[in-house]
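Numbering (the working numbering), first residue to last: 10 to 90.
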């Protein structure tokens with residue numbers, strides 16, 4: 010649990026700012042970052058390994074892509090009435 014708390018404290022703000030580069034809503038950015046940390050916690054990560062930064066930023070990019078894809082689908086549906 011200590012490793013997770015350290016990881017959270019170290020990266021939460023950086024990941025939030027990174028996410029805000031791609032999504033306009035702070036709420037969406039917070040959800041993206043929170044979902045990534047929930048995924049890490051649910052896997053019971055007990056140690057921080059080399060390369061974690063690359064992995065968590067890749068995870069954020071994946072979540073941003075999914076979020077943007079959902080937005081695009083919603084916009085497309087409303088335009089095709």
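Glycine residues also receive a C-beta, built at the ideal position from the N, C-alpha and C atoms. From a predicted model like this one, the values you see are computed outputs, not experimental measurements.
Beta-carbon separation (whole angstroms), residue i vs residue j, contact threshold 8 Å
| i | j | result |
| --- | --- | --- |
| residue 13 | residue 49 | 7 Å |
| residue 46 | residue 66 | With 8 Å as the limit, residue 46 and residue 66 do not qualify as a contact, their Cβ atoms being about 13 Å apart. |
| residue 28 | residue 42 | 6 Å |
| residue 26 | residue 69 | Going by Cβ atoms, the distance from residue 26 to residue 69 rounds to 11 Å, so no, they are not a contact pair. |
| residue 76 | residue 32 | 6 Å |
| residue 44 | residue 72 | 6 Å |
Residue range of the alpha helix (DSSP H) that includes residue i
| i | result |
| --- | --- |
| residue 19 | 11-29 |
| residue 42 | 35-51 |
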